[in-house]
Amino acid sequence: MTNYELMFIIEAALEDSAKEQVVDTVKGIIADNGEITRADIWGTRKLAYPIRKKNEGYYVLVQFKSDVDFPKELDRRLKIHDNVIRHMIINIDDK
Numbered sequence: 000m001t002n003y004e005l006m007f008i009i010e011a012a013l014e015d016s017a018k019e020q021v022v023d024t025v026k027g028i029i030a031d032n033g034e035i036t037r038a039d040i041w042g043t044r045k046l047a048y049p050i051r052k053k054n055e056g057y058y059v060l061v062q063f064k065s066d067v068d069f070p071k072e073l074d075r076r077l078k079i080h081d082n083v084i085r086h087m088i089i090n091i092d093d094k
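In terms of numbering that gives the first Met the number 0, the sequence shown opens at residue 0 and continues consecutively.
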């Protein structure tokens, strides 16, 4: 299994329960296909530049282990999720 790090940004305008639901959904997708080693919720922060005319986002960092094929599927699912405005998956073992 390979170590990965996922950073994703949720729309800050959502209610807290909706943000928690998005985080739980992403964690569930990862848990079904791998193992979560660490999850940090950074909270609402200002974006470096406007994205979809938004200036703030809700940041979440998740470290996980999975097979090499899973990050491609996770990337696909995050791209089509309406409330995730940006995401990045990094292979930590390549550093």
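Backbone N, C-alpha and C define an ideal beta-carbon position, used for all residues, glycine too.
Who are the Cβ neighbours of residue i in its own chain at under 6 Å, not counting the five residues just before and after it?
i: D92; result: T1 and N2
i: F7; result: V59, V83 and H86
i: T43; result: A11, E55 and Y57
Tell me, to the nearest whole angstrom, how far the beta carbon of residue i is from that of residue j; I am working on the premise that it is less than 8 Å.
i: E10; j: N82; result: 5 Å
i: R85; j: I50; result: 6 Å
i: K45; j: N32; result: Not really, about 32 Å apart at Cβ, beyond 8 Å.
i: D74; j: I88; result: 6 Å
i: V61; j: A38; result: 5 Å
i: K64; j: T36; result: 6 Å
Is DSSP giving residue i helix, strand or coil here?
i: R85; result: strand
Can you name the start and end residues of the alpha helix (DSSP H) that residue i belongs to?
i: I79; result: F69 to I79
Between which residues of its own chain and residue i is the CB-CB distance below 8 Å, once the five residues before and five after are set aside?
i: A17; result: N82
Of all the beta strand (DSSP E) runs that stay within the bounds of the region 1 to 53, which reach a length of 3 or more residues?
Qualifying beta strand (DSSP E) stretches, in chain order: 1 to 10 and 33 to 50.
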